[in-house]
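Below you'll find the structure, written out as structure tokens, and then a few comments.
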Amino acid sequence: MAAPFSPETREAALAALPSADLDLLVIGGGITGAAVARDAALRGLAVALVERIDWAAGTSSRSSKLIHGGVRYLQQGDVSLVREAAAERAVLRRIAPHLALPCRMLMPTRSRAAQAKLGLGLWTFERIAGIPADERYERWSASETLRREPTLDGTQLHGAVTFTEYLTDDARLVLDTVRGAHAAGALCANHAEVTAVEGCEVTLQDAFGGPVRRVRSRAVVNAAGPWVDVVRARARALSGARLHLTKGIHLVVRRDRLPVQHIVVMQARDRRSVFAVPHGDFTYLGTTDTDYGAPTAYPE
Numbered sequence: 681m682a683a684p685f686s687p688e689t690r691e692a693a694l695a696a697l698p699s700a701d702l703d704l705l706v707i708g709g710g711i712t713g714a715a716v717a718r719d720a721a722l723r724g725l726a727v728a729l730v731e732r733i734d735w736a737a738g739t740s741s742r743s744s745k746l747i748h749g750g751v752r753y754l755q756q757g758d759v760s761l762v763r764e765a766a767a768e769r770a771v772l773r774r775i776a777p778h779l780a781l782p783c784r785m786l787m788p789t790r791s792r793a794a795q796a797k798l799g800l801g802l803w804t805f806e807r808i809a810g811i812p813a814d815e816r817y818e819r820w821s822a823s824e825t826l827r828r829e830p831t832l833d834g835t836q837l838h839g840a841v842t843f844t845e846y847l848t849d850d851a852r853l854v855l856d857t858v859r860g861a862h863a864a865g866a867l868c869a870n871h872a873e874v875t876a877v878e879g880c881e882v883t884l885q886d887a888f889g890g891p892v893r894r895v896r897s898r899a900v901v902n903a904a905g906p907w908v909d910v911v912r913a914r915a916r917a918l919s920g921a922r923l924h925l926t927k928g929i930h931l932v933v934r935r936d937r938l939p940v941q942h943i944v945v946m947q948a949r950d951r952r953s954v955f956a957v958p959h960g961d962f963t964y965l966g967t968t969d970t971d972y973g974a975p976t977a978y979p980e
């Protein structure tokens, strides 16, 4: 049985890495890297997971805090992805119910036709995804909508459609996934930067001044998120397609300034969907999606 996950296990992992007989080395301690490491370790592979800064320090702690069930993929006609997203969300609810908290999503409508169209789409989604009866969509009148969500502007409001989505603590989800990888036998070390890659051998630099270490593995996964191309450059493997970075911005306001009771979906002037997401003492508003060309070390 692995020792309890702690700063001491980081030191032990770093010390063990140079001599470890690894099947897989995962670079990047966000949700993708953590999940890859956990899954591989649970399948019996010898795994290491390293992170340059801290677990979930990048994109994985800056989300809208939503665990989508796949309804947005229905608009694209991707039925298989709808099923997959709904199934994976159900797994998360089963294994980590404290990190998948139900919250109704509310979509205001301005006409009977719009409400009917949304209802038909959600009815189709629920049948494809196998949504349980107690989580299925409802149609509300204008008066019922304003009674349950009085922050809305009632001008031209016909009513609303609501359905169940799930909120998470994104950083905690990553940390618990890393802990799961560790419990399954993975060597996990944060504040350990990959400074060079030669095939399946990487050079690690301890951010706290420890010795430089060289680590070998039979395979390497680059899960560095926006920094994927930085790792590729250190492996001298930047030929071919590169990442096109975009930036999403959330405004965070105190909940008493915008006391929504549901995840409210609004439409911006350019027809993008904007969410107001209640989360603890705060409400998240967003998100934007614009090109990003500034340095990635500390995105602004």
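Counting along the sequence shown from 1, when you hit position 58 you're at 738 in my numbering, and nothing is skipped either side. Beta carbons are placed, not taken as given, at the ideal position from N, Cα and C, and that holds for glycine.
Q. What does DSSP give as the partner residues of Pro891 in its beta bridges?
A. The residue labelled residue 891 in the question sits at position 211 within the sequence shown. Note: Pro891 is not bridge-paired with any residue in the DSSP secondary-structure output.
Q | Inter-residue spacing [alpha-carbon to alpha-carbon] between Ser741 and Tyr846 | A | Indexing the sequence shown from 1 puts residue 741 at position 61. Indexing the sequence shown from 1 puts residue 846 at position 166. In a straight line, the C-alpha of Ser741 is about 16 angstroms away from that of Tyr846.
Q: Please report how far the alpha carbon of Asp961 lies from the alpha carbon of Phe805, in whole angstroms.
A: Position 281 of the sequence shown, counted from the first residue, corresponds to residue 961. Position 125 of the sequence shown, counted from the first residue, corresponds to residue 805. If you draw a straight line from the Cα of Asp961 to the Cα of Phe805, it comes to about 32 angstroms.
Q. Which value, in whole angstroms, describes the spacing of the CA atoms of Leu925 and Ser823?
A. For the purposes of this step, residue 925 is identified with residue 245 of the sequence shown, where counting begins at 1. For the purposes of this step, residue 823 is identified with residue 143 of the sequence shown, where counting begins at 1. Taking the CA atoms as reference points, Leu925 sits about 43 angstroms from Ser823.
Q: Quick one: using the 10 Å Cβ neighbour count with 16 as the cut-off for buried, is Lys745 buried or exposed?
A: By 1-based counting over the sequence shown, the position of residue 745 is 65. Around the beta carbon of Lys745, 16 or more other beta carbons lie within 10 angstroms, which makes this residue buried.
Q) What are the start and end residues of each continuous alpha helix (DSSP H) run of 4 or more residues lying completely inside the stretch 777 to 826, in chain order? A) As far as the stretch 777 to 826 is concerned, its whole alpha helix (DSSP H) runs of at least 4 residues are 792 to 809.
Q: Enumerate in chain order the residues of its own chain whose CB-to-CB distance from Arg718 is below 6 angstroms, with the five nearest sequence positions on each side excluded.
A: Position 38 of the sequence shown, counted from the start, is the residue given in the question as residue 718. Thr857, Gly860, Ala861.
(Q) Looking at the secondary structure, which residues open and close the alpha helix (DSSP H) in which Tyr753 lies? (A) Along the sequence shown, read from residue 1 onward, the residue named residue 753 stands at position 73. Where Tyr753 is concerned, the enclosing alpha helix (DSSP H) starts and stops at 751 to 754.
Q) In or out: Gln755 buried (at least 16 other Cβ within 10 Å) or exposed? A) Start at 1 with the first residue of the sequence shown, and residue 755 comes out as number 75. The residue in question, Gln755, is exposed, as its Cβ has fewer than 16 Cβ neighbours within 10 Å.
(Q) Given this structure, state the Cα-to-Cα distance separating Leu834 from Gly905, to the nearest angstrom. (A) What you label residue 834 is simply residue 154 of the sequence shown in a count that begins at 1. What you label residue 905 is simply residue 225 of the sequence shown in a count that begins at 1. Rather than Leu, the amino acid found at residue 834 in this sequence is Gly. Taking the straight line from one Cα to the other gives about 41 angstroms.
Q: For Gly865, decide whether its Cβ has a neighbour in chain B, counting only Cβ atoms nearer than 7 angstroms.
A: Of the protein chains in this structure there is only one, and it is not chain B.
Q. Using a Cβ-Cβ cut-off of 8 angstroms (strictly less than) and excluding sequence neighbours within five positions of Gln947, which residues of its own chain qualify?
A. Numbered from its first residue, the sequence shown carries residue 947 at position 267. Ser953, Val954, listed in sequence order.
(Q) Please tell me whether, using a cut-off of 6 angstroms, the distance from the CB of Glu878 to the nearest non-hydrogen atom of the ligand FMN is below it. (A) No copy of the ligand FMN occurs in the structure displayed, which carries no ligand at all.
Q) Just to confirm, are Gly799 and Arg819 a CB contact at a threshold of 7 angstroms? A) Counted from its first residue, the sequence shown places residue 799 at position 119. Counted from its first residue, the sequence shown places residue 819 at position 139. The answer is yes: Cβ separation under 7 angstroms.
Q. Hey, out of Ala766, Asp909, Ala736, whose CA is closest to Ile808's CA?
A. As a working note, residue 808 is residue 128 in the sequence shown. For the residues Ala766, Asp909, Ala736, the minimum Cα distance to Ile808 belongs to Ala766.
Q. Expressed to the nearest angstrom, what Euclidean distance is found between the alpha-carbon atoms of His871 and Arg690?
A. Within the sequence shown, the letter at position 191 stands for residue 871. Within the sequence shown, the letter at position 10 stands for residue 690. Near 9 angstroms, if we compare the C-alpha coordinates of Arg690 and His871.
Q: Please name the residue in Phe685, Ala683, Pro684, Leu694 whose C-alpha comes closest to that of Ala887.
A: Position 207 of the sequence shown, counted from the start, is the residue given in the question as residue 887. Leu694 is the residue among Phe685, Ala683, Pro684, Leu694 whose C-alpha sits nearest the C-alpha of Ala887.
Q) Is Ala720 helix, strand or coil by DSSP? A) Here residue 720 refers to the residue found at position 40 of the sequence shown. DSSP, read as helix, strand or coil, puts Ala720 in helix.
Q) With DSSP run on the structure shown, which of helix, strand or coil describes Ala913? A) Counting from one through the sequence shown, the residue named residue 913 turns up at place 233. Ala913: helix per DSSP, three-state reduction.
Q.
Whether or not the stretch 700 to 714 and the stretch 724 to 736 are in contact is what I'm after, with contact meaning three or more pairs of Cβ atoms, one per stretch, closer than 8 angstroms; do they touch?
A. Because the criterion of three Cβ pairs below 8 angstroms is met, the stretch 724 to 736 and the stretch 700 to 714 touch.
Q: Below 8 angstroms CB to CB, which residues in the same chain sit around Arg790 once its five sequence neighbours on both sides are set aside?
A: The residue labelled residue 790 in the question sits at position 110 within the sequence shown. Cβ within range, chain order: Gln836, Leu837, His838.
Q: Measure the alpha-carbon distance for Lys797 versus Ala692 and round it to whole angstroms.
A: In the sequence shown, counting from the first residue as 1, residue 797 sits at position 117. In the sequence shown, counting from the first residue as 1, residue 692 sits at position 12. C-alpha separation (whole angstroms): 57 angstroms.
Q: Starting from Gly879, follow the beta strand (DSSP E) in both directions and report where the run begins and ends.
A: In the sequence shown, the residue the question calls residue 879 occupies position 199. For Gly879, no beta strand (DSSP E) encloses it, and the DSSP letter there is neither H nor E.
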